[in-house]
Structures are given as C-alpha cells and as structure tokens.
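Q:
Number of protein chains: 2
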Amino acid sequence: MTTKNIITPRKLAGFMELMPSKQVLLDGMKRKIEKIYSSAGFMPLDTPVLELGEILFAKSGGSIDKEVYAFKRGDSEICMRYDLTVPLARFVAMNSDNLTFPFKRFQIGKVFRGEKAQKGRFREFIQCDADIIGLDELPIVADAECLYLVDEIFKAFNLKILNRVSNRNILFGYCEELNLKEKTSDILIVLDKLDKIGGENVLKCLSDLGIEVEKGEKLLAITSKKGDFEDVISSIENLSQNETFQKGVNELKELSSYINAYGIDKNNITLDLSIIRGHNYYTGTVFEAIIPSHPEFGTVAGGGRYDNLAEYFTDKKLPGVGLSIGLTRLFDLLDQNNMLPEFNETNATLEIIPLGDTLTDCIRLQSYFSKEIKCQVNYSARSFKSKMKEANKKGVPYIIVVGENEVQSQQFALKNMTTGQQNLLSKEECLEKLKNI
Amino acid sequence: MTTKNIITPRKLAGFMELMPSKQVLLDGMKRKIEKIYSSAGFMPLDTPVLELGEILFAKSGGSIDKEVYAFKRGDSEICMRYDLTVPLARFVAMNSDNLTFPFKRFQIGKVFRGEKAQKGRFREFIQCDADIIGLDELPIVADAECLYLVDEIFKAFNLKILNRVSNRNILFGYCEELNLKEKTSDILIVLDKLDKIGGENVLKCLSDLGIEVEKGEKLLAITSKKGDFEDVISSIENLSQNETFQKGVNELKELSSYINAYGIDKNNITLDLSIIRGHNYYTGTVFEAIIPSHPEFGTVAGGGRYDNLAEYFTDKKLPGVGLSIGLTRLFDLLDQNNMLPEFNETNATLEIIPLGDTLTDCIRLQSYFSKEIKCQVNYSARSFKSKMKEANKKGVPYIIVVGENEVQSQQFALKNMTTGQQNLLSKEECLEKLKNI
Numbered sequence: 290m291t292t293k294n295i296i297t298p299r300k301l302a303g304f305m306e307l308m309p310s311k312q313v314l315l316d317g318m319k320r321k322i323e324k325i326y327s328s329a330g331f332m333p334l335d336t337p338v339l340e341l342g343e344i345l346f347a348k349s350g351g352s353i354d355k356e357v358y359a360f361k362r363g364d365s366e367i368c369m370r371y372d373l374t375v376p377l378a379r380f381v382a383m384n385s386d387n388l389t390f391p392f393k394r395f396q397i398g399k400v401f402r403g404e405k406a407q408k409g410r411f412r413e414f415i416q417c418d419a420d421i422i423g424l425d426e427l428p429i430v431a432d433a434e435c436l437y438l439v440d441e442i443f444k445a446f447n448l449k450i451l452n453r454v455s456n457r458n459i460l461f462g463y464c465e466e467l468n469l470k471e472k473t474s475d476i477l478i479v480l481d482k483l484d485k486i487g488g489e490n491v492l493k494c495l496s497d498l499g500i501e502v503e504k505g506e507k508l509l510a511i512t513s514k515k516g517d518f519e520d521v522i523s524s525i526e527n528l529s530q531n532e533t534f535q536k537g538v539n540e541l542k543e544l545s546s547y548i549n550a551y552g553i554d555k556n557n558i559t560l561d562l563s564i565i566r567g568h569n570y571y572t573g574t575v576f577e578a579i580i581p582s583h584p585e586f587g588t589v590a591g592g593g594r595y596d597n598l599a600e601y602f603t604d605k606k607l608p609g610v611g612l613s614i615g616l617t618r619l620f621d622l623l624d625q626n627n628m629l630p631e632f633n634e635t636n637a638t639l640e641i642i643p644l645g646d647t648l649t650d651c652i653r654l655q656s657y658f659s660k661e662i663k664c665q666v667n668y669s670a671r672s673f674k675s676k677m678k679e680a681n682k683k684g685v686p687y688i689i690v691v692g693e694n695e696v697q698s699q700q701f702a703l704k705n706m707t708t709g710q711q712n713l714l715s716k717e718e719c720l721e722k723l724k725n726i
Numbered sequence: 290m291t292t293k294n295i296i297t298p299r300k301l302a303g304f305m306e307l308m309p310s311k312q313v314l315l316d317g318m319k320r321k322i323e324k325i326y327s328s329a330g331f332m333p334l335d336t337p338v339l340e341l342g343e344i345l346f347a348k349s350g351g352s353i354d355k356e357v358y359a360f361k362r363g364d365s366e367i368c369m370r371y372d373l374t375v376p377l378a379r380f381v382a383m384n385s386d387n388l389t390f391p392f393k394r395f396q397i398g399k400v401f402r403g404e405k406a407q408k409g410r411f412r413e414f415i416q417c418d419a420d421i422i423g424l425d426e427l428p429i430v431a432d433a434e435c436l437y438l439v440d441e442i443f444k445a446f447n448l449k450i451l452n453r454v455s456n457r458n459i460l461f462g463y464c465e466e467l468n469l470k471e472k473t474s475d476i477l478i479v480l481d482k483l484d485k486i487g488g489e490n491v492l493k494c495l496s497d498l499g500i501e502v503e504k505g506e507k508l509l510a511i512t513s514k515k516g517d518f519e520d521v522i523s524s525i526e527n528l529s530q531n532e533t534f535q536k537g538v539n540e541l542k543e544l545s546s547y548i549n550a551y552g553i554d555k556n557n558i559t560l561d562l563s564i565i566r567g568h569n570y571y572t573g574t575v576f577e578a579i580i581p582s583h584p585e586f587g588t589v590a591g592g593g594r595y596d597n598l599a600e601y602f603t604d605k606k607l608p609g610v611g612l613s614i615g616l617t618r619l620f621d622l623l624d625q626n627n628m629l630p631e632f633n634e635t636n637a638t639l640e641i642i643p644l645g646d647t648l649t650d651c652i653r654l655q656s657y658f659s660k661e662i663k664c665q666v667n668y669s670a671r672s673f674k675s676k677m678k679e680a681n682k683k684g685v686p687y688i689i690v691v692g693e694n695e696v697q698s699q700q701f702a703l704k705n706m707t708t709g710q711q712n713l714l715s716k717e718e719c720l721e722k723l724k725n726i
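From first to last, the protein sequence lines are chains A and B.
With the first letter of the first sequence counted as 1, position 159 gets the number 448 in our numbering; the numbers rise by one all the way through.
With the first letter of the second sequence counted as 1, position 290 gets the number 579 in our numbering; the numbers rise by one all the way through.
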C-alpha cells in the first residue's frame, strides 16, 4: 500500500470564498443588478478574463502595471483583466461596424489586481458595469440613465443611498477663469481630497502649488457647494462666463431635468461639486454614491462621462458614460455589518425525509415538486432521528416525512418548521401552498 | 497636439467572445442550468479563479501540467484553475466541519487550459458542474439524481439526448474473473476506444497487450452490451460471481429503480457498457450524454462516481458523484448548426422614439415601463427617420412614437413591428399587453 502525502488545503490570501449559504445572497444581488440593466435595454457582454498586455496597456505604451497578474506564453505577454472598461474599448473598436449606437452593454464579471492583501481589499472581485457608448455624439440623457440605474439597483437592495453628482467642466472652466488652466490637474488632485483632509488643508495644499490665497479661497468655496440641483446651479451660474464653465452649467441643468423625468427620489441624489473622481479620463458628469447611514463604506457605486472610449484602438470618436459597482467589497461590508437578508442554508423550501423503505416514493415526490419549487430528499444513510435533527439545524422551512402510511394514503403531513404546525394534504395541495410562499 | 499610436485591437486566439445578441442566449442557458440545480437543493459555490500550484497539482506532487496557465508571484506558484473539481476538493477539505453531508453544490464558472488553439477547442470555457459529496458513505440514489439533472437540463434546452450509463465495477470485476486484474487499466484504455476504432481493432489492441484471443472476445462481447437496463443486466448478471462484478450489477439494479422513480424518459437513457470515461478517479457509475441527431457533437454532458474526493487534502473519506456540462463548446456547436433559438438584438421589448421635443416625456414612460418589461428610449441625436429605420433593423418587437399629440392625449399608438398593426392605447393598456407576451 502506498502512503499518500496529505497537503494542508489552503487558498490564496485576498480571495473571497463564501460558504454556499452566503453565496446564494451574492448571486441574488448579482441577478437583481442584471435584471435592472436588462430592463433598460442594456445587453450583456462577456469578454475573456485574459487579454494581451499590449492591449490592456496601450495607454502606457505596453508597460504593464505591477499590480496586474501577467505572464509570458510563447511570445505573448498575457494579463488578467484589471477592469472591464479597457476590454469594452477593445471590443467596441473591433466590432464598431456591427454595433448599433448608442451601444448599451453591461458586464458583470471578475477582475484581478494583485494588490497587497489587507482587510476589505480583494485581489479578485466582481465588477458590475453598465456603459452607453455613442458614435461621434452622446446626449446627456445617457448620463441621467446611469444615475437612474444606480438608484434602481440600491432600491432593489433596500439600501438608502445618496448619489453625489458633479460635472468636471465646472472646475475645468473655473480654473481657466482664474488663469490657472495649466495647473488644472494638480488643482483637481488637491480638491478631490476635500472630504478627507478638510478645507484648511486644501487651502494649504493649493498655496503649496503657488496659488494666491484669494484664488485658493474661491476654488475652495465653489468646490464646497452642495445641495439641491436648482439651488446650487443658480448660486454658481454667474460666477464665470467661461465657455467650459457654462458648458458644465448647461449640462447640469439638462441632467437635472432628466433626473426628474426618471423619477429619481430627490432624497437620494444631490449636486456636490466636491465630487471629482480620480480617473483622468472623465470629462463631464461624474458621480459617487454613498450609503449615508454608513459613510465609512465609502463609494458604493461610481462613474461618469468620458469623451473617447477607445482612442488607442480606433480613429472613430466614441464618447461614453458608465457606472460601476464593486460587488465583492459591497457584499463584504454588508455582511460584516449584518445588513444582509436572512436565508436558509439548504436552498430548499421543502425537504422530504423517508421513514422505512420509501426512498423511491420520496424521489417520485421530489421530481414532482422540483418542477416548481426547491425540494430535496434527505437520502443519507443516517438514522431517521438524526435526519430530523439535521432538518432543524439546516433551517429547512418545510418538511414531509414519508412512511408506508403516507405512501398508501397519499396524504402528507406538511410541517412548518418555524411554527411546528402540521397540515395533512395531498401532494397537489402541498405544492399549491408552498408555491405561494 | 500629440499624435497617438493606434494599436490594432485584437483578442487572444482560442477565447470565445460573443456579440451581445448571442450572449443573451448563452446567459439564458446558464440561468436554466442554475435553476435546475437549485430546484434539487444544490447550493452555489464560487471558488477563486486562481489557486496555488501545490493545491491544483497535489496529485502529481506539485508538478504543473504545461497546458495550465501558471505564473510566479513572490514565492508562490499560482495557477488558473483548469477544472472545478480540484477546487471543490480543496473547499470541502477546508470546510468539512461546517458542512452538512451529503453536501450538494453546483458551480458554473470559467476554467482555463492553454491548449493548442483549434476549431471547437477553447482555452477559456464555462463548466457547469453539480456534485454530491458524502461523508464516509453516499447512497446510489445520488448517482440517479445526477442523471435526473442531466435529463431535466436538456429537456429545458429542448434538445433530445441519450444518456449512456455504465458502472465501472462490471469491467473491473470481469477483468478479475478473467485473471487479468493487473492489466485492468490498460484494458480499459483499449475498451474505451470501441466507439472510435471498432471491435476488430479493439481485439487487435487487446492481443497486443498479451491477452488470449478467447478472453479478448469475451471482453469485447461484454463491452458491446447496450440497451434497456433490465435486459442488459439480466444478460450479464450470471457471467461472473466475482464480488466487484456483482457489486456493479447490484448498483446498476438499484440505479435503475431510482431512474424510474425520477421519471426519466426511457428513450433518453440507456445502459451501455462501452462507456468507461477517461478519468482514472471514477470508481462506479459513469455516464456520457450525446445528442443522437448530432453524434458528431460528442459528449455534451458526463460524469460519474468517485470514491474519495479529497484524498490529497484530508484523511476523511468523502465519496462523491457529479456531472459536468461544457457550456462554451455546446453553445458553439448549437450556434454553428443553427440550433439556437431566435432572439432580438436589442434586448428590449419596447422602444420609445421621441418625435420633436418630447425626450423627457419619453423618459417618464421608460421609467414606468422598465419596472415590468424591457424598455428603452432611442435618444440618439440622429433624425426621426433614421431612428425608425434602426428600430426595424434591430428587430425591436414593439415601438411607440411620442410626439406632442401623444403627450397631450396620453394615448399611444403601440406598433407591432412584425405585423405592422397599431393600437391606440393608454400607457397602462400598453403595459398590460406587453407584459403578456
């Protein structure tokens, strides 16, 4: 006889792996997102997990970020995707002749980043993206549609959010107005930190950039504006006649009218000029949603408008707007805070327990019930008593015990495991009852 | 102005990437499988795409198969999973104290194999696995449940299959009976080729193994048995009193009674002793389903019983039985043979087309309809005429054109794009009609 080497089973650090009773809940959230994206006419896309390094890093001339999982295979440098946006750009550029624009696609899939493992950071995580890509032009109503999707999704999750919206053209134009155009991107980096470091420190950082005190205060003042769309817009619209600034104002006005038309609850959305978002490619609308009861969760959904999705892959102009939800992190936070709905471990509404030699009869029943409800037979070789104990422990909501009598009479005592109540019913009556739970 | 380098967009060879109109169909098939697994009480599992090399290749002492995508990260050899079975073994071994046995899990996910690219072979493909794992013991009814799942899934796909079932103990025991025990695995490799190379060549190969002609003919004769379970069983059960052989006979008898209880159509399932399956770890029931109208598709679902799932990770005995469907390949075959159902490119049941300055009114309607049906507004800046053309081209089943009159009257001409018929209806009446399609 050979002796086997037993290897201690372990998984890689930084990778989420849920017990099935939790996985059911994550899958449910995924399905809700999918349904909402589909309902608004978005179509699914599933790009490969692996892409060529030269494609994923076209922007940086092929130099691969060290956080990305990359490896050589033959002559090719192959990478695991780190987001769903570059693959979308590649797909649209490859297939633009066969797509109808605006092209509305969603993709729910895993992306990979080999970051340092730490609490709340995952190296593999599910992104739920929806984007709308236009050819040459894309109206502002598309931006409103993204805000609508965010609102619908969190309503479906029963989570109250605040979606904070801005338009980058406001600050772009205002920097021009103040003759600070060449410093715009440094200024935005500083202003983006307002929430974290506070106004005093923002002023200090702006001064470190060589910006006069008076201009710094003006920048801080405008960035601090937040509240109702109409109020904020009317309080800033005369601050500058700069063209970019006025473009921002007009886009916000238009956006605001569509937000109303979509029926987004005014309590769930706000204009907040401190929202900037890190990504350099955003060029207009930007937004970040938080859960006000748990600000420590940070941004739970975000996105914005970009001028040109696929500039590294095609000469066609493809403006777009999109949103992204990091589901793995969101799920982890909800789980830690006991904000996930309760659920049964077994995934079965009904468990059938054989008593005596009735297994084949139980299976007949299972195949009858399974057509419409979740049903399983406990066919383990353990004793009847331990099966009853297990059903309790697993939290099965309903059971039927099938012995010789039940087989003869075709009447089954359907037991509600929560209340202990039993009803003697035919299988048709059982199904009718369980279908309506 | 900087000039950008345009990189020709391309994806890796051997990776499936569907247009969204096809992706919808693939997603639909995935959802059906998920529903059937869930209905029988299976719970979802989602293991990471990446695993440690020492775990995936525990069996071969850590030596990594060259087809597997592997790379170094720090001190670790990391691999992309090449199946869903080893990760399941790792998971069950790690969590066995917190699971209720029999543990019924399903996993639908991508696996990766860097094989030579060729038609019909994919380097990334979706596997749809369901397994039932027992602790110490697992009754034969579990094997029947797997056959039931296969049958239900292909019924849901509207595809007529033939599931060919055998039990390896028959040939194991028969080799013993013929005093060929030490040559069993070589013999099985030869007999497994019967379908491909035919009886004459099987006899030749057996003779090459040094097996006497008479014994070779006996092996060929038993392997060629196929048909109704009862008929085949009664034609072989007296061939040997060998213990393993009789174990196989008894397991097949028991399996047959459960197959009847599950109500699997007799035309969809057959006992076929030529089914052996390549994997060494199968120890009892084995099965392979084909589509008889398209034998060239090969095996579209397969699986079997194994004695010990996680022998490299734990001393616990964990017998199991499972099935696997290679969805990517199946989808590709169905697609090539025009066996996929038809579908609209837009994913929307209703498209709303603004005429004049009615966009916000259209959005109000969209947000009303989207709660219950798939609906989108064509808000592109193109002309009304080209929007009408697009709706036709995209194959949207219903449209509403919304001009000033419609906004005033709140009566909308719901146009069936297939028949050309129009009905003047309120939005409530439109929804009622579209909901019932």
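Cβ atoms here follow ideal geometry from the backbone N, Cα and C, with glycine treated the same way.
Fair warning: this is a prediction, and the values are worked out from it, not measured in the lab.
For A/E661, does the three-state DSSP call read helix, strand or coil?
A: Correct three-state label for A/E661: coil.
Q: Who are the near neighbours of B/N633 in its chain, counting only those whose CB is closer than 8 Å to its CB and skipping five residues on each side?
A: Low per-residue confidence applies at B/N633: pLDDT is 47, beneath 50, and the placement is therefore not dependable enough to give any value.
Q: Closer than 9 Å, Cβ to any Cβ of chain B: which residues of the region 320 to 333 of chain A, in chain order?
A: Only R320, E323, I325, S327, S328, A329, G330, F331, M332, P333 from the region 320 to 333 of chain A bring a Cβ to less than 9 Å from some Cβ of chain B.
Q: In the DSSP assignment, what are the bridge partners of B/V454?
A: Per DSSP, the beta bridge partners of B/V454 are B/L560, B/F576.
Q: Using three-state DSSP, classify B/Q416 as helix, strand or coil.
A: strand
Q: For a contact defined as C-beta to C-beta under 7 Å, what are the partners of A/A347 on chain B?
A: I296
Q: Report yes if the C-beta distance between B/E640 and B/N667 is below 7 Å; otherwise report no.
A: yes
Q: Can the beta-carbon of A/Q697 be found closer than 7 Å to that of A/K704?
A: Going by C-beta atoms, A/Q697 is not nearer than 7 Å to A/K704.
Q: Nearest-angstrom Cα distance between A/S513 and A/V575?
A: 16 Å
Q: At the 7 Å Cβ level, is A/M383 part of the contact set with chain E, yes or no?
A: Absent from the structure is chain E; the protein chains it does hold are A and B.
Q: Is DSSP giving A/A510 helix, strand or coil here?
A: helix
Q: On the premise that A/H583 lies in contact with A/N626, defined as a C-beta separation below 8 Å, what is that separation, rounded to the nearest angstrom?
A: 7 Å
Q: Could you tell me which chain B residues have their CB closer than 9 Å to the CB of A/Y463, listed as they occur along the chain?
A: The contacting residues do not exist; A/Y463 stays about 25 Å from chain B at best.
Q: Show which residues of chain B have a CB atom less than 7 Å away from the CB atom of A/T512.
A: Neighbours of A/T512 on chain B: none; closest Cβ ~29 Å, over 7 Å.
Q: Nearest to A/Q699 by CA position, among A/C719, A/L448, A/D418, A/F304, is which residue?
A: A/C719
Q: Starting from the Cα of B/E306, find the closest Cα among A/G303, A/G615, A/G317, A/V381 and give me that residue.
A: A/V381
Q: Where does B/G403 sit, in a helix, a strand or coil, going by DSSP?
A: coil
Q: Per DSSP, what kind of secondary structure is B/N633 in: helix, strand or coil?
A: Here the model assigns B/N633 a pLDDT of 47, short of 50, so the residue's position is not dependable and the matter cannot be decided.
Q: Using a Cβ-Cβ cutoff of less than 6 Å, which residues in the same chain neighbour A/G423 once the five nearest sequence positions on both sides are dropped?
A: F390, P391, P608
Q: Could you run through the region 640 to 660 of chain A and flag, in chain order, every residue whose CB is less than 9 Å away from some CB of chain B?
A: E640, L648, T649, D650, C651, I652, R653, Q655, S656, Y657, F658, S659, K660
Q: With DSSP as the reference, please indicate the residues paired to A/G487 in a beta bridge.
A: BP columns for A/G487 are empty, so no partner.
Q: In chain order, what are the residue ranges of uninterrupted alpha helix (DSSP H) at least 4 long that sit wholly in the region 680 to 708 of chain B?
A: 693 to 698
Q: On the DSSP letters alone, give me the boundaries of the alpha helix (DSSP H) that B/P584 sits inside.
A: Taken as a continuous stretch (DSSP letters only), B/P584 belongs to no alpha helix (DSSP H), as it is neither H nor E.
Q: Grab me the residues of B/K606's own chain with a C-beta within less than 7 Å of its C-beta, minus the 5 sequence neighbours each way, in chain order.
A: D425, N597
Q: Look at the Cβ atom of B/E540, then the Cβ atom of B/N456, and state whether they are nearer than 7 Å.
A: yes
Q: Measuring straight from C-alpha to C-alpha, what distance separates B/K724 and B/I662?
A: 6 Å
Q: Pick out whichever of A/S545, A/E585, A/F401, A/I652 has its Cα sitting closest to the Cα of A/K485.
A: A/E585
Q: Per DSSP, B/N712 forms a beta bridge with which residues?
A: B/L703
Q: Since A/L560 and A/G516 should fall inside the 8 Å C-beta cutoff, what is the C-beta to C-beta distance between them, to a whole number of angstroms?
A: With 8 Å as the limit, A/L560 and A/G516 qualify as a contact, their Cβ atoms being about 7 Å apart.
Q: To the nearest angstrom, how far is the alpha carbon of A/L629 from that of A/T707?
A: 20 Å
Q: Kindly say whether B/N633, judged by its beta-carbon, lies nearer than 7 Å to any beta-carbon of chain A.
A: Only weak support is given to the placement of B/N633: the predicted model assigns it a pLDDT of 47, under 50, and the question is left unresolved by the model.
Q: To the nearest angstrom, how far is it from the Cα of A/A449 to the Cα of A/D624?
A: Checking the sequence, you will find Lys at residue 449 of chain A rather than Ala. Cα to Cα, A/K449 sits roughly 16 Å from A/D624.
Q: Identify each residue in the region 455 to 487 of chain A for which the Cβ-Cβ distance to at least one residue of chain B is less than 9 Å, and report them in chain order.
A: Of all residues in the region 455 to 487 of chain A, none has a Cβ within less than 9 Å of some Cβ in chain B.
Q: Just grab the DSSP bridge partners of B/Q396 for me.
A: B/D418
Q: Name the one or two DSSP bridge partners that A/F360 has.
A: A/I367
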